[in-house]
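> Heads up: the sequence shown begins at 1071 in the numbering used here, then just goes up one per residue. The C-beta atom is built at its ideal place from N, Cα and C for all residues, glycine as well. Note that the coordinates shown come from a computational prediction; the quantities given were computed from them, not determined experimentally.
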Amino acid sequence: MEKLSYKLETFEGPLDLLLYLITKNKLDICDIQISELLDQYMEQINAMQEADMDIASEFLEMAARLVYMKTVSLLPKHEEMEALRQELTGQLLEYQECKQVAAQLTERFNYNIYVREPAEVELDKSYKRHHDPREILAAYLSAAGRGKRVLPPSPQSFSGIVTHRIVSVTSQIVYVLRRLWKVKSIAYESLFVEKREKSDLVATFLAVLELVKGKRVRIEGEGEAATVNLMDGGERHWKSKRSEEQ
1071 MEKLSYKLET
1081 FEGPLDLLLY
1091 LITKNKLDIC
1101 DIQISELLDQ
1111 YMEQINAMQE
1121 ADMDIASEFL
1131 EMAARLVYMK
1141 TVSLLPKHEE
1151 MEALRQELTG
1161 QLLEYQECKQ
1171 VAAQLTERFN
1181 YNIYVREPAE
1191 VELDKSYKRH
1201 HDPREILAAY
1211 LSAAGRGKRV
1221 LPPSPQSFSG
1231 IVTHRIVSVT
1241 SQIVYVLRRL
1251 WKVKSIAYES
1261 LFVEKREKSD
1271 LVATFLAVLE
1281 LVKGKRVRIE
1291 GEGEAATVNL
1301 MDGGERHWKS
1311 KRSEEQ
């Protein structure tokens, strides 16, 4: 790298100095040669010291960082070097973009101009445009429709959920045992003849399963010929239920 000779300039920070050196020497910012960049950086630092300029600690910190990167690059295995190089490159690219944006803003905004407070303007409330009546009707219907969409649902919308009658399985167990108490055996389908609502049908079916599981009733046959038969355990359970109800 050719030795630079230039007047000392004021840099806003170490990244500003590094970016200056890279631009001055036409280096590739994505492929920084740390050893060459370090020499130029230290030369600038020494020039600052000879001119009795105050050197901020961040400039010295960057110098130590570059020295460390050069040391790592000299090791036989320096996988860490690539990560350090990418980190420095990313910071330089970000700083370069910020400088470009700042330069563009400086060109756009000139502070040597006179700016006055906004003047009060009388508000003209008269509407001068003319519309077809059908357009106004369409706009009104559209606005009215949007208003309806944000309104809460009516209670009727929840009638199928909120007002749905809840049937307990326990009540249907009592119902099945009451049907079996005197006859001991009934047709399986007869338990569902009087049931109209889905909750009644489901609760009765679960009641039969519960009674079969507890060995209180027994299902015999298949299809339309299936019957429900009361067992001894069912009689004892029915007597306990009757005593509870009394």
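#1: Output needed for E1072: all residues of its chain with C-beta closer than 6 angstroms, excluding positions within five of it in sequence on either side, in chain order.
#2: Closest to G1293 by C-alpha separation, out of K1169, L1279 and E1259, would be which residue?
#3: Taking DSSP as the reference, what is the three-state secondary structure of A1257?
#4: Using the DSSP secondary-structure output, state which residues sit across from E1290 in a beta bridge.
#5: Pick from T1159, A1208, A1213 and G1083: whose alpha carbon is nearest that of D1101?
#6: Under three-state DSSP, which class holds D1086?
#7: Looking at C-alpha atoms only, which residue of K1096, K1094, L1085 and I1206 is the closest neighbour of E1164?
#8: Go to Q1110, then tell me how far its alpha helix (DSSP H) extends in each direction, as first and last residue.
#9: Would you call I1104 buried or exposed, if buried means 16 or more other Cβ atoms sit within 10 Å of its Cβ?
#10: Look at the Cβ atom of T1297, then the Cβ atom of I1236, and state whether they are nearer than 8 angstroms.
#11: Quick check on M1139: buried or exposed, where buried means 16 or more other Cβ atoms within 10 Å of its Cβ?
#12: Using the C-alpha atoms, what's the distance from L1107 back to V1142?
#13: Using the Cα positions of D1202 and A1214, report the straight-line distance between them to the nearest angstrom.
#14: For A1189, count the other beta carbons within 10 Å of its own beta carbon; 16 or more makes it buried, fewer makes it exposed. Which is it?
#15: Please report the straight-line C-alpha distance between N1299 and V1244, rounded to a whole angstrom.
#16: Does DSSP put D1202 in a helix, in a strand, or in coil?
#17: Look at the alpha carbon of Q1170 and the alpha carbon of E1149, and state the distance between them as a whole number of angstroms.
#18: Am I right that V1287 and L1279 are in contact with their C-beta atoms under 8 angstroms? What's the rounded C-beta distance?
#19: Look at M1112 and A1134 and say whether their C-beta atoms are less than 8 angstroms apart.
#20: Expressed to the nearest angstrom, what Euclidean distance is found between the alpha-carbon atoms of L1087 and L1162?
#21: Secondary structure at G1160, three-state DSSP: helix, strand or coil?
#22: What separation, rounded to the nearest whole angstrom, lies between the Cα atoms of G1083 and E1128?
Considering the structure as presented:
#1: Within the sequence shown, numbered from 1, the residue matching residue 1072 stands at position 2. Confidence in E1072 is poor, its pLDDT being 45 and thus under 50, which makes the residue's placement unreliable; the coordinate value appears in the next sentence. Around E1072: no qualifying Cβ.
#2: The residue you call residue 1293 lines up with position 223 of the sequence shown. Comparing Cα-Cα distances from G1293 to each of K1169, L1279 and E1259, the minimum goes to E1259.
#3: As a position in the sequence shown, residue 1257 is number 187, starting the count at 1. Three-state DSSP puts A1257 in a strand.
#4: Sequence index remark: in the sequence shown, residue 1290 carries index 220 (1-based). DSSP output for E1290 lists T1297 as bridge partner(s).
#5: One-based indexing of the sequence shown puts residue 1101 at position 31. The candidate whose alpha carbon is nearest that of D1101 is T1159.
#6: The count along the sequence shown starts at 1 and reaches residue 1086 at position 16. The answer is helix: DSSP assigns D1086 an H, G or I state.
#7: On the sequence shown, residue 1164 is found 94 positions in, with the first residue counted as 1. Comparing Cα positions, the closest option is L1085.
#8: Position 40 of the sequence shown, counted from the first residue, corresponds to residue 1110. I1104 to E1120 is the span of the alpha helix (DSSP H), which, as asked, contains Q1110.
#9: Sequence index remark: in the sequence shown, residue 1104 carries index 34 (1-based). I1104 should be labelled buried.
#10: As a position in the sequence shown, residue 1297 is number 227, starting the count at 1. As a position in the sequence shown, residue 1236 is number 166, starting the count at 1. It is not a contact, given that the beta carbons lie outside the stated cut-off.
#11: Residue 1139 sits at position 69 when you count from the first residue of the sequence shown. When all chains shown are included, M1139 counts as buried.
#12: Numbered from its first residue, the sequence shown carries residue 1142 at position 72. Numbered from its first residue, the sequence shown carries residue 1107 at position 37. About 15 angstroms.
#13: Counting from one through the sequence shown, the residue named residue 1202 turns up at place 132. Counting from one through the sequence shown, the residue named residue 1214 turns up at place 144. If you take the alpha carbons of D1202 and A1214, they lie about 19 angstroms apart.
#14: On the sequence shown, residue 1189 is found 119 positions in, with the first residue counted as 1. Exposed.
#15: Position 229 of the sequence shown, counted from the first residue, corresponds to residue 1299. Position 174 of the sequence shown, counted from the first residue, corresponds to residue 1244. Rounded to the nearest angstrom, the two C-alpha atoms are 15 angstroms apart.
#16: Counting from one through the sequence shown, the residue named residue 1202 turns up at place 132. Looking at D1202 - three-state DSSP - the assignment turns out to be coil, as it is neither helix nor strand.
#17: The residue given as residue 1170 occupies position 100 in the sequence shown. The residue given as residue 1149 occupies position 79 in the sequence shown. A direct Cα-Cα distance of roughly 33 angstroms separates Q1170 from E1149.
#18: As a position in the sequence shown, residue 1287 is number 217, starting the count at 1. As a position in the sequence shown, residue 1279 is number 209, starting the count at 1. At roughly 10 angstroms, the Cβ-Cβ gap does not stay under 8 angstroms, so V1287 and L1279 are not in contact.
#19: Counting from 1 along the sequence shown, the entry for residue 1112 is found at position 42. Counting from 1 along the sequence shown, the entry for residue 1134 is found at position 64. Cβ distance not < 8 angstroms, so M1112 and A1134 don't count as in contact.
#20: The residue given as residue 1087 occupies position 17 in the sequence shown. The residue given as residue 1162 occupies position 92 in the sequence shown. Going by the C-alpha atoms only, they are around 10 angstroms apart.
#21: Along the sequence shown, read from residue 1 onward, the residue named residue 1160 stands at position 90. In the three-state reduction of the DSSP assignment, G1160 falls in the helix class.
#22: In the sequence shown, counting from the first residue as 1, residue 1083 sits at position 13. In the sequence shown, counting from the first residue as 1, residue 1128 sits at position 58. So the two alpha carbons sit approximately 7 angstroms from each other.
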